[in-house]
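Residue numbers (this note's numbering): 5 to 815. Note that the Cβ used here is the ideal one computed from N, Cα and C, for glycine as well. Please read all numbers here as calculations on a predicted model, not as lab measurements.
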């Protein structure tokens, strides 16, 4: 409550007072900020000659004493054991401290009681004399004066410091404004030299550009104009804040001007499928506005509404409300969180995590609109409901009595034609379906000589800036299969739907930014090793470290050269190819070892049986025994044939030549045949849930039978004998669904994305029946066969409770 070293001041008073009055203890107590506690700032003990501090008294323990100290100048407690106002002290304070007589003189500061200086006699009664009471009150007054003077000195020092900081800030503002003006001039010069030649080439004064060249030059021109607009907007914003913009208020037909400005956004709104409505009442008198400022106010509010509205409508209304002209812009967009509402008109403020059509922006639009409205003597306010929309309302006074006379200017009421503001040109590029890039000449011819596009490395590009997406598409699509999306959420969906060899992502994007996209990719087993290059306008070591710490493979800062990007992309894709080749080599080694074992077993059995057969045929009556041996030989040959068929199937799948011969077939019969064969092989029953009537479909009977036998084989092999295995067939409209369900160990969630991969075998799961050796090809072949039938194969699993495989085929 009091600024300054109160403890030091208290120590200067307590000791002399105790010695002068021969009082055993003198204390200084002060209230805390809530006035519910008294804290001992200093206590001097006469008998020991020592100072101490730190004791605390609570109001709820001494209610009457606190009330007395808050309302009195002093409290005379000659006999504290009987005084009503100090009776509560007895058990809680006096007896433990052996106090027999006490006098409190209240310390006042700033018109309120802040505490007390307390004189205490110990172990001997004492009646306080008037001169002692006067002395105590005088000391409390002196203490109050000392504290007040110290606080005044501190206040004056603080005032001088604030004044110095204010002057320094004003000087910095002036320097900043001058710096930005200089930078603006320095940037405008090269931008002018950039735009002039580009516009000359586009005009085709000498040679008309080709379509592809026109597209490239158009990108350069639009980007240069946007950069120029950003430079102008920032400079204008700073000059407005510094009071260096001279407004000129002209009598204006606000209804016509506002309708014209809103109409500039009609194309972008139609492209976004947003209904844009404008209702401007004709005013009986002109409104006095600075036209360029009014343009910025209207365009800023409408552009923001379009940026954050994805479904519904935007209503712009201009009307007369009392002595004011009111402009309201209402949208059905994402709304603004309640905690952000107090800050939305602040400089450089942007709502974190908001979903917009673009993450671009410097956070100055609404702050500038507010300052421009206030220059008109008006107000701006916002109302918003998350997920329902927002309403921005601007009110400016009618007439010109509120405006400086020297800023008024006569003008024609007709609305002059003007160049569209940059926000109008930028808005269409926030929207889906931005102009597609043109291809350079010769592209079609060159691509016709390349392998199929599907065999190219696949790259997913995520950037909310449509110009940047188009540029990256042009740059990369000649060598790679590129899919460009507008934000991280779309990129994640694209990679999940179809694996990518590389992801290039901007860092700042709406919905899901680049870092969150990276974390999502790394958290999923199927995408954890996908290379990711993050691209950002944020330069510096800290930004790169943040990206690389999140396990990005590379970080590229804008602006970057095409050669640099292509080199980095090529390097990462080469690393991907190297890793895949190493993995394929390892898989081949494992496969060859497993295949050798699988083939060696039936070959060994076949060799032994042939040798035995030869011996038996030499013995009398050995023909019957030989017949049995021939049956075993037949089984070994069948096993070898099955392995050979699997290897041939894999070869056909890899070369894209897996053939299916479809014919009208009864799916019920296929189910029964597969169940009968696998039941006999494992000596276990398969529970069938099949329709009574035939279910016909146009399929390859043999291959679909192999798929079902593969699923049944796995279910019987990995589930305990006492638990049932079920196969069902269901009709679902134009589709037929096979379901194979077991109650085995299930599949660990992290292994599910890989179970249809070639040579993959789920680790750590023991078979219950049959051999534990396998090639890891059964589900891979099954998946390929199902896809050749335009069907799908899916699995649901619960570790410890079993798995369910579903095969869906068109009929």
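- Unbroken alpha helix (DSSP H) runs of length 4 or more, entirely within the segment 194 to 279: which are they? Fully enclosed alpha helix (DSSP H) runs of 4 or longer: 215 to 245, 258 to 267 and 270 to 275.
**Message:** Would residue 350 and residue 336 be called neighbours here (beta carbons separated by less than 9 Å)?
**Reply:** By 1-based counting over the chain shown, the position of residue 350 is 346. By 1-based counting over the chain shown, the position of residue 336 is 332. No, the Cβ-Cβ distance between residue 350 and residue 336 is not below 9 Å.
*Beta-bridge partners of residue 62, as assigned by DSSP*: Residue mapping note: residue 62 aligns to position 58 of the chain shown, counting from 1. Paired residue(s): 41.
Please state if the CB of residue 732 and the CB of residue 700 are separated by a distance shorter than 9 Å.
Start at 1 with the first residue of the chain shown, and residue 700 comes out as number 696. Start at 1 with the first residue of the chain shown, and residue 732 comes out as number 728. Contact check for residue 700 against residue 732 fails: the beta carbons are separated by 9 Å or more.
Boundaries (first-last residue) of the beta strand (DSSP E) holding residue 708: As a first step, residue 708 is located in the chain shown; it is residue number 704 there, counting from the start. For residue 708, there is no enclosing beta strand (DSSP E); the enclosing alpha helix (DSSP H) has its first and last residue at 705 to 722.
Q. According to the neighbour-count rule (16 or more other Cβ atoms, all chains shown, within 10 Å of its Cβ), is residue 72 buried or exposed?
A. The count along the chain shown starts at 1 and reaches residue 72 at position 68. Looking at its Cβ environment, which holds 16 or more other Cβ atoms inside 10 Å, residue 72 is buried.
So, are the CB atoms of residue 25 and residue 136 less than 9 Å apart? Looking up residue 25 in the chain shown gives position 21. Looking up residue 136 in the chain shown gives position 132. Their beta carbons are under 9 Å apart, which means residue 25 touches residue 136 by this criterion.
Open item on the list: Can you look up residue 55 in the DSSP assignment and give me helix, strand or coil?
Closed with: Position 51 of the chain shown, counted from the first residue, corresponds to residue 55. It is a strand residue.
query = Considering only residues of the same chain and omitting the five flanking positions on each side of residue 562, which have a CB-CB separation below 6 Å?
reply = Looking up residue 562 in the chain shown gives position 558. Same-chain partners within the cutoff: 541.
Could you name the residues of the same chain whose beta carbon sits closer than 6 Å to that of residue 244, not counting the 5 residues immediately before and after it, in chain order? For the purposes of this step, residue 244 is taken as residue 240 along the chain shown, with counting starting at 1. Counting only residues of its own chain and dropping the five nearest sequence neighbours on each side, residue 244 has a CB closer than 6 Å to the CB of 375.
Just the C-alpha distance for residue 577 and residue 302, rounded to the nearest angstrom, thanks.
Translated into positions along the chain shown, residue 577 becomes position 573. Translated into positions along the chain shown, residue 302 becomes position 298. Distance between the alpha carbons of residue 577 and residue 302 is about 48 Å.
What residue range is occupied by the uninterrupted alpha helix (DSSP H) comprising residue 514? For the purposes of this step, residue 514 is taken as the residue at position 510 of the chain shown. Run containing residue 514: none; DSSP gives neither H nor E here.
| field | Enclosing alpha helix (DSSP H) for residue 531 [first to last residue] | value | Taking the first residue of the chain shown as position 1, residue 531 is located at position 527. Careful: residue 531 lies outside any alpha helix (DSSP H) and carries neither H nor E.
For this session: Identify, in the order they occur along the chain, each residue of the same chain with its Cβ nearer than 6 Å to the Cβ of residue 334, setting aside the five sequence neighbours on each side.
Result: For this step, residue 334 is matched to residue 330 along the chain shown. Apart from the 5 residues on each side of it in sequence, residue 334 sits with its Cβ closer than 6 Å to the Cβ of 319 and 395 in its chain, given in chain order.
Practice item. Within its chain, find whatever has a CB closer than 6 Å to the CB of residue 800; leave out the 5 residues flanking it on each side and keep chain order. Key: Here residue 800 corresponds to residue number 796 of the chain shown, with the count starting at 1. These residues qualify, in order along the chain: 808.
Beta-carbon proximity of residue 202 to residue 254, cut-off 9 Å
Indexing the chain shown from 1 puts residue 202 at position 198. Indexing the chain shown from 1 puts residue 254 at position 250. Not a contact, by the Cβ cut-off of 9 Å.
Practice problem: Could you tell me which residues DSSP puts in a beta bridge with residue 116? | Solution: Position 112 of the chain shown, counted from the first residue, corresponds to residue 116. Partner(s): 113.
(Q) Quick check: what's the CA-CA separation for residue 226 versus residue 564? (A) Taking the first residue of the chain shown as position 1, residue 226 is located at position 222. Taking the first residue of the chain shown as position 1, residue 564 is located at position 560. Straight through space, the alpha carbons of residue 564 and residue 226 are spaced by roughly 18 Å.
Reduced DSSP category for residue 801 - H, G, I as helix; E, B as strand; rest coil:
Counting from 1 along the chain shown, the entry for residue 801 is found at position 797. Strand at residue 801.
Measuring straight from C-alpha to C-alpha, what distance separates residue 130 and residue 75? Working through the chain shown from its first residue, we reach residue 130 at position 126. Working through the chain shown from its first residue, we reach residue 75 at position 71. If you take the alpha carbons of residue 130 and residue 75, they lie about 24 Å apart.
Going by C-alpha to C-alpha distance, which of 220, 492, 815 and 785 sits closest to residue 711? The residue given as residue 711 occupies position 707 in the chain shown. The shortest C-alpha to C-alpha distance from residue 711 to any of 220, 492, 815 and 785 is the one to 785.
When you compare each of 69, 43 and 23 to residue 52 by their alpha carbons, which one comes out closest?
Looking up residue 52 in the chain shown gives position 48. When the alpha-carbon of residue 52 is set against those of 69, 43 and 23, the nearest one is in 23.
For residue 569 versus residue 538, is the C-beta spacing smaller than 9 Å?
Position 565 of the chain shown holds residue 569. Position 534 of the chain shown holds residue 538. Not closer than 9 Å, so no.
For residue 392, three-class secondary structure by DSSP
Here residue 392 refers to the residue found at position 388 when the chain shown is read from its first residue. Coil at residue 392, not helix or strand.
N-terminal and C-terminal residue of the alpha helix (DSSP H) that residue 806 is part of = Taking the first residue of the chain shown as 1, we reach residue 806 at position 802. That residue, residue 806, is in no alpha helix (DSSP H); its beta strand (DSSP E) goes 806 to 814.
Quiz prompt | Proximity below 9 Å, CB of residue 329 to CB of residue 278 | solution = Looking up residue 329 in the chain shown gives position 325. Looking up residue 278 in the chain shown gives position 274. No, the pair does not count as a contact, with Cβ atoms beyond the cut-off.
| Taking the continuous alpha helix (DSSP H) assigned at residue 725, which residues delimit it? | Here residue 725 refers to the residue found at position 721 of the chain shown. Counting along the chain, residue 725 falls outside any alpha helix (DSSP H), and DSSP gives it neither H nor E.
Residues near residue 224 by beta carbon distance below 8 Å, same chain, minus five either side: Stepping through the chain shown from its first residue, residue 224 is reached at position 220. The residues are 198 and 202.
Inter-stretch contact (C-beta, 8 Å, three-pair minimum) for the segment 280 to 295 and the segment 257 to 270 = Touching, yes.
* To do: Go through its chain and collect everything with a Cβ distance to residue 323's Cβ below 6 Å, but skip five positions before and after it.
  => Position 319 of the chain shown holds residue 323. Cβ neighbours of residue 323 beyond the five flanking positions: 285 and 330.
Next item on the list: State buried or exposed for residue 717, treating a residue as buried only when at least 16 other CB atoms are found within 10 Å of its CB.
Entry: To locate residue 717, count along the chain shown from 1; it is residue 713. Per the 10 Å Cβ criterion, buried.
Can the beta-carbon of residue 674 be found closer than 9 Å to that of residue 729?
In the chain shown, counting from the first residue as 1, residue 674 sits at position 670. In the chain shown, counting from the first residue as 1, residue 729 sits at position 725. Not in contact: residue 674 and residue 729 (Cβ atoms no closer than 9 Å).
Self-check item: Cβ neighbours of residue 11 in the same chain (closer than 7 Å, five flanking residues each side left out)
Solution: On the chain shown, position 7 is the one that residue 11 refers to. For residue 11, where only same-chain residues beyond five positions count, the Cβ hits under 7 Å are 45, 46 and 57.
Check: So, helix, strand or coil for residue 507, using DSSP?
Finding: Taking the first residue of the chain shown as 1, we reach residue 507 at position 503. The answer is strand: DSSP assigns residue 507 an E or B state.
| field | CA nearest to the CA of residue 750, picked from 29, 769, 236 and 695 | value | Numbered from its first residue, the chain shown carries residue 750 at position 746. Taking only the C-alpha atoms, the option nearest residue 750 is 769.
Test item: CB-CB of residue 566 and residue 536 under 9 Å: The residue you call residue 566 lines up with position 562 of the chain shown. The residue you call residue 536 lines up with position 532 of the chain shown. In this structure, residue 536 does not lie closer than 9 Å to residue 566 by Cβ.
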